[in-house]
Structures are given as structure tokens and as C-alpha cells.
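Comments concern the structure below.
Number of protein chains: 2
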Amino acid sequence: MANKPSIPKGTRDFGPVQMAKRNYIFNTVKGVFEKHGFSPIETPAMELRETLTGKYGDEGDQLLFRIMPRGQKVSALAQKIIEAQSANQKLVESSADEALRYDLTVPFARFVVQHQNELSFPFKRYQIQPVWRADRPQKGRYREFYQCDVDIIGSESLLNEVDLILTAHEVYAALGLPDVTIKLNNRKVLMGLAEVIGKSDQMVDLTIALDKLDKLTQEKVLEELTQKGFSDADLELIKPVLNLSGSNEEKLSTLKELLSTSEVGMKGIEETETVLSTAKKLGVNNVSFEVTLARGLSYYTGAIFEVTHPDFPSSITGGGRYDDLTGIFGLKGMSGVGISFGADRIYDLLETKDLFPEEIGVSTELLFVNFGDQEALKCIELAHSLRQVGVRCEVYPDPAKLKKQMKYANDKNVLFVAMLGSDELQNGTITLKNMTTGDQENVEQSAIVAFMNR
Amino acid sequence: MANKPSIPKGTRDFGPVQMAKRNYIFNTVKGVFEKHGFSPIETPAMELRETLTGKYGDEGDQLLFRIMPRGQKVSALAQKIIEAQSANQKLVESSADEALRYDLTVPFARFVVQHQNELSFPFKRYQIQPVWRADRPQKGRYREFYQCDVDIIGSESLLNEVDLILTAHEVYAALGLPDVTIKLNNRKVLMGLAEVIGKSDQMVDLTIALDKLDKLTQEKVLEELTQKGFSDADLELIKPVLNLSGSNEEKLSTLKELLSTSEVGMKGIEETETVLSTAKKLGVNNVSFEVTLARGLSYYTGAIFEVTHPDFPSSITGGGRYDDLTGIFGLKGMSGVGISFGADRIYDLLETKDLFPEEIGVSTELLFVNFGDQEALKCIELAHSLRQVGVRCEVYPDPAKLKKQMKYANDKNVLFVAMLGSDELQNGTITLKNMTTGDQENVEQSAIVAFMNR
């Protein structure tokens, strides 16, 4: 292999610095999840092909990473192609028994159905695992990336919506991003809107068009609706909804009049009011009702969420309630609600705003310089005793030049360097250098634990 | 999808209970790694095909999970097969651009070469990620499993061997398994043995045969050597080596006489003595020199390790020193040493010996029973304040029958259940039930934080 080794496009290596930052996000998120009673699960990277195909639309099917068949199945595939005498893509793809996880939602639905008799419902789970999509890689879009999902399944209570709003609120407060906006809408409100204009059968077109309002002007979106067969009269009914303004209460109050004839619409408004007022009672004041929030996914049936930050162009968390996610795997009537945190986007945002805490960059707290075999042996003993009390420390393994060892300490962002040369070996002391201040102090070797613990 | 959903053979779902146990192992291991100055890295699940093929022998190549080509590459593959008019497995396999990680060692070598200019050497890294092998699944052998690897690369110092011995020693002490044996040998000793019997060119045959001593009798192993062309005279020289007994010092002393004419053999003995005596000085007394320890992997060149436990049939940790792991990717002269912890085996051993700490099974500490909307709202407020001080708690989302809610609390292994009904709502109290003792106590709502913190 003469060329410099590399990795598949759209994938990334995570070195110590990136790992520290990513683990900071994961640990913060996990800490909040666990305080809310969510338990972790993990599913295999590979799912059976039939578990995944047909779940993400035609585009999703094309973006699945399929596993190549092995052994006799390869021969069988080749034989089929030779017999068919044509380069049939479907044929090749259908020979795959497995495919890589595309998101965490479908595997979660499969998990719930498969293990329904072992689980206690409502089931509160979180899952932090990578997913794979054969997307065209571009800035901020990878072929392997982590998702952090949290769901409550098996309960229709709106307290679950509140639970997730609190969870998001606490996660962003803990990450130093309290200035997020938690956007809330309800699919039933959108259904109500479609109903009052007599276009219930075009709910999907309406949702897809509204979902574009954050990228296109209102004019363009209305044009799209016209093309989809919405009349001018329809658009006149839709416009005031798009142009709602004021406080959450004011928006909902106006909407109540507009949707008064739709039972489902009024139900959506009522649900939203309950969620908003409960959140407010708990001191969560950054929830904003946004009737134009639509979200693309087809399986949402109630509340929908999105979290945005003024300094980031796209949403950093999103989710909603689904009434029949597990139905595709044969288990009906399992309503649930969940949100997903975009780890890569949060990473980029924290990086831009310089919000990663400084201390997470420190792996080794204390490095012992190596001045030779006898000295190093003493250092290993001291390091051993420091580790008993939890200090992260290491002895440089070779008696290299001091400059090289100090460079290593600097590169590794070490807090203290300990120097124990032949003099110190004789008089039982050790010199400790604070790498931040540059201060040096000579202490008794027996006092090193006390020194590092102070 | 009418059938019960399932997952690919050889893969596993991890539910909350298994996750808690596995995370206990990972967190313990990580804690020790980090105290020794090892930093985490992660590499992509997919590597380029050419990074992996040819690195694990023919068998390994067959066990790789390859990614099926997509789009035009599928058509190209089909076209090739039609032109060749034969079911050629190699042709199909070579159409894969990517394959799934088979172990953590080759990706680590690739990582070090690719990022050599960003890294500070010696580089101490740990990596805990799943790997995939298309092996025939059987008890304890999976197609997806985690490896926990720790390596120091870029230093020839024997202090690194000592560092790893200490690391293993501390990991097993922390897991409640202090009665492990850390077996140590050195490939140079085995080379020396091959040299003194004049069979340096059959070092591989000798290693492979010795590696079987834990499964086969000595007779069978000697028979195998005879078949490989070792003479009776050779075997007479090998036998005393196989039958070494006594303390580490006694074994090494006998071996010194047997291998006195071999420079490399004497070097191996010297290295072993240094490592053993240093470990002993640090109070690590469970290291045992085992000249028959061979380990299959061909890239080891110095120390080799294995950790065993009296209650487990196979080794639970293994590793060794390699002088040229990165050479395959074009970077010469990077000596390193590493060990790998078998997470699944450690899991099974801790399970068998009932050594998982009880508290890891507790996710939610306190469950608030839901007696209705008004009561639940009060509970949510209390839960919210408890989370501020770190208590893991949740409110049951539906006003279900008490029996159902208590079953949920039991299934989830909750420590306390809080009951706040209409009476408590009026008089500002709450009843807390200790689920272990069954004791109930009625306290002021304002005292709940103090109660849970006591």
C-alpha cells in the first residue's frame, strides 16, 4: 500500500480532542436523560434488509448501505445476473440480507415489537448510536453520524410532551445554550387547517409546502400550493394562519376562531394549550407556538417540536408524537413521542461559540518526566499511589531529551509536570511545575498526593 | 410484515438491564485507562476495502462484511459478471469499496499513519467500539461485538509493558476480580527456543503448536511438531522448556541455561525479568511467566500477555508488543504494545459470579404515582426541583390503576415511590414509600429534596 491511507468519503476519524468534545455533549445529554428516567438501549448496526426497506421512501431505500452477500449467496447472485442477462439493480440489491441502520426510529420500533413482552410500558428509552446514509457528502453532512434519540412509548398523556420539552430545556441550559427557542406545533392543527379549507385529502401537500417556509418566501410557498391545486379562495383562508403574530396565547386565540368548525383542529389547539401552560408553570418560558412548523416526516400525528438557536441556521433538535410507529411491525395502538438531538450540529454550534469547557481538554493531569531507569522507577511508584486517589497521571516511558518530553506534556495539555532527577532521587523530593502559571515547587515525594489533591 | 420482527443472526439487542451491566464494565475500564493517561479515539465503522483485505489472512478476508456497491457501480458489477459469464466470487467481492471494521488494531494502525503529523508520540490511545465478523454464530461468539483496546505506540520502553500490566491489574481489581492471573511471555524467548534447536525458519509452526497447549495434551502438541518436521532430538530439547516449573525466577533461571547460546532468547529473558521485577516492586504479584504462552497473531515481536480467571475457560484479556504494525501502511519503525479486553467474556464472568453491583440496576430513583391531572402537575413541579439537585425521577404519565403504576415501579427497580393524592394536595404533604423496606413516611412537600438527599 504505497498511498497514504485514507477512509471512505463522508466518514471521519475522531481523535482525542474531538472525542473529548463529543463525549462532553453525550455525557451532558445522557445526564439529563437519566434524570428524567430514560434508560439506554442499543440495537445492532445491521438490521435485516426487510426491516429497513420501504420505511424511508424511495430516496431512503437508495441511501441504505446494504451488506454484500457472502459465500454461496454470492454465486447465486452472479448466476441470477447471468441468467437475466441484464444489469438489474433491484436484483442485486435484493440479494442483501442485511443493511446498516439508517436512523434510530425504525430500529426502536422493531425493538419495541420484538421485546414487547419483556418491556414495562410506558417505555422511556434513549439511544445514542451512529447511523449510516449513502448521501452525497458535503459540509456538515456525513455518511456516518451519531443520533441521540429519546422516546416515551406506550402512553398518550401530554405529560410526555412536557417531559420532552423539559428535557430539551435542561440539556441546552446544561450546554450553556439557554437562549434556544423550543418551537411547538401540532399536526392536528394542520389537519384542522386542511379540513376547514376542504382539502383534508391534501394534508401531505400542505405539510410539505409549509415545511419550506423557513427556506422560501411565503409567496413561493403559496405558488407551490396553487400548483398542487389549492384555489385562490383556499389560499385566502391559509394566509391569516401563516401570518399569525403575538404571544402564544394570542396566536392560539386567533387560530381558535379560524379553526372553530374543525373538531381535530380544536383538539390540536387544546393539546397545545395544555402543553404550553404546563411548561410555563414549570418556568420554561422559551417555548414558542409556531403554526408553520410542519416537519417532513409522515408518521407524526400530534405535537411536533423543533429547537433552534439564533446563531445556527438549522434546527438542532426535532421530533414529535406518532400514533402508529410500531404498526409497521404488527403492534397496533402504541402511541409515543420522541425527540432527536443533532450531535454534529450541537458540536459545531458549541465550537463556533467557544462553549466547550476548558477542563474537558485535559486527559492527563500530571506527567512525570523520565530522567533514567532508577528515577523512572520511583516515578512509577508515585504515579501508582496517585492513581489510587484518582489522579490521572503517566510516566514518560523513555529517558528522552527534556525538550521532547515537555513538548509531549504541552501537546497533551497536561496540568502539572513532575521532575525527579538524580538529586531528587537522593534527597527524597520532587519538583512540580504548574504548566499554566509556570510556577515550580519542590516538595517531599511523600507529599505528592497531598499536593495534587489540594 | 406479518412475522415477528427479528435481527440478523449473530447480532444482539441490548435492553436497559444489559446496557447498565455493559456500561458498568466500559466505565470501569475507561476510568482505569484514563488514570493511566490513555486518550479515546474512534474510527469509522466502514474502512476502505483495501485497508482491511489481506490483513487477517484468507480466513479473515472471508469473514469481512463488505458493503454492496451502489448506483452505477451496481450496473458495472452486473455488466462484468455478464461479460465473464461466470459466478466469480472474487469479482463480486472486489466491487465493494468499503468493508466493516474487523478489529480495532488495523484501523488503529491506519489512524496512526494517516494522522502521524497531528499526533504526539508516544501515543497512548484507547478505543471501545464494535467490530463485525461474518463468523458462524455460536454460544459466546457473535457477528457484532465490542472490543476494548488500549495501546502505546511510538516507544520501545519496557515501562509500557509494565503500564499495561498495571492497567489490567487495576481493571480487574476494580471489577471485583483480583484473583486473575496475568500471564507473560516474550516472542523473543520462543525465537530463542527455535534458534537453539536450529529451526528458526519454523518459528510459526512452533508458535502455532504451542498455542494449542491449553486445549490439547503435550503429547498431541509434540505429535503435531513431529508432523511439521521436528526431529526427536528437537523434541527432547523442547520438552524441558514445556515442563518448566517453580516460581517465575526459577523458571527463568532454568531457561537461561537452555537458551544460553541464543542472543535473541537471552534478550527475551532479560526483558521478561525487567518487566516482572518492576511489576513486583509495585505490588503486582499475580503476574506469571508462562513460556508456553504463544498467542496466534503473527505481528507480535516481544512481550505477549494473557489474563485468565480460574472460573472462566478462556482468556479474558490478551495482547503483546509489535514492532511493525504501521509498516503495512507505509510508516516504519513504530514499535508499540497493546492489550484488548474481552467485554463479552468479562460480562459473562461477572454474571456467573454475580459480581455486578446492585446499584447499577437502578435507573429511576423516585417514581411519582399519578392520581390525576392536578396531583400530577404538583408532582411534575416537585420532580423538576429534585432534578436540579441530581435526583433521577419521573412522574407516571397516566392516572392508571395504582397496581399498574406500582408494577411499573417494581419492573424498573425504583428505590422510592411518591404518592400525592387529593388529601396530600390539600394539606401540602406527600407520602414516600421505600420500595426495599416497604416503609412509608408522610412528609411536607417542601421537605422532599431534603428527604431524597439524606
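Protein sequences, first through last, are from chains A and B.
Positions 2 to 455 (my numbering) are the ones given, in order, by the first sequence.
Positions 2 to 455 (my numbering) are the ones given, in order, by the second sequence.
The C-beta atom is built at its ideal place from N, Cα and C for all residues, glycine as well.
From a predicted model like this one, the values you see are computed outputs, not experimental measurements.
Look at the beta carbons and you see the segment 396-411 of chain A touching the segment 356-372 of chain A: at least three pairs across the two are nearer than 8 Å. With contacts defined as CB atoms closer than 8 Å, A/F112 and A/G155 fail to qualify as a contacting pair. By alpha-carbon distance to A/S278, the top candidate from B/Q375, B/S232, B/L165 and B/S7 is B/Q375. For A/E145, no alpha helix (DSSP H) run applies; the uninterrupted beta strand (DSSP E) run containing it begins and ends at E145 to I154, by DSSP. From the listed residues B/G319, B/I361 and B/T437, the smallest Cα separation to B/D150 is found for B/G319. Per the Cβ contact rule, the segment 190-204 of chain A is not in contact with the segment 394-405 of chain B (fewer than 3 Cβ pairs under 8 Å). By the neighbour-count criterion, in which a residue is buried when 16 or more other Cβ atoms sit within 10 angstroms of its Cβ, B/K184 is buried. Boundaries of the alpha helix (DSSP H) around A/L378: D374 to Q389. Chain-order list of chain B residues neighbouring A/L49: P6, S7, I8 and P9, by C-beta distance under 9 Å.
Secondary structure at A/L191: helix, using DSSP grouped into helix, strand and coil.
Membership of B/Y348 in the alpha helix (DSSP H) is indicated by the continuous run A344 to T353. With a threshold of 8 Å between beta carbons, A/Q446 makes no contact with chain B. Contact annotation for A/V418 against chain B: no contact, minimum CB-CB distance about 13 Å [criterion: below 9 Å].
By the beta-carbon neighbour count (other beta carbons within 10 angstroms, threshold 16), B/L226 is buried.
Among the bridge pairs identified by DSSP, A/V418 is matched with A/L368 and A/K434. Secondary structure note for B/G58: its alpha helix (DSSP H) is the uninterrupted segment G58 to L64.
Residue-level contact check: B/E382 touches chain A, since one or more beta carbons of chain A fall below 8 Å from its beta carbon. Between B/F27 and B/I129, the beta carbon gap of about 6 Å places them in contact (Cβ cut-off 8 Å). The residue among B/G32, B/R144, B/T29 and B/S364 with its C-alpha nearest the C-alpha of B/G61 is B/R144. The beta carbon of B/G16 falls within 8 Å of a beta carbon belonging to chain A, placing the residue at that interface.
In the DSSP annotation of this structure, B/P131 is not part of any alpha helix (DSSP H); the continuous beta strand (DSSP E) holding it starts and ends at F124 to W133.
Within chain B, the C-beta atoms nearer than 7 Å to that of A/D399 come from S156 and S158, in chain order.
Every unbroken stretch of the alpha helix (DSSP H) spanning 4 or more residues and falling wholly within the segment 70-108 of chain B is given here in chain order: 73-85 and 90-95. Between A/L211 and A/T293, the gap from beta carbon to beta carbon is short of 8 Å. In terms of beta-carbon proximity, A/M436 stays away from the interface with chain B, with every pair separated by 8 Å or more. Of the other Cβ atoms in all chains shown, fewer than 16 fall within 10 Å of the Cβ of B/P311; this residue is therefore exposed.
Comparing alpha carbon positions, the residue from A/E99, A/P41, A/G58 and A/K81 closest to A/R67 is A/E99.
A/A195 sits close to A/L207, with the two beta carbons spaced by under 8 Å. Counting along the chain, the unbroken alpha helix (DSSP H) around B/E272 starts and ends at E264 to K282. Look at the beta carbons and you see the segment 321-340 of chain A touching the segment 298-310 of chain A: at least three pairs across the two are nearer than 8 Å. Counting every other CB atom within 10 Å of its CB across the protein chains shown gives B/L223 a total of 16 or more, marking it as buried. The bridge partners DSSP lists for A/M47 are A/L101.
B/F290: not part of any alpha helix (DSSP H); member of the beta strand (DSSP E) spanning V288 to F290, first to last residue.
DSSP lists B/E43 as the beta-bridge partner residues of A/F15. At a cut-off of 8 Å between beta carbons, B/C149 makes no contact with chain A.
A direct Cα-to-Cα measurement between A/Y147 and A/T12 gives close to 11 Å.
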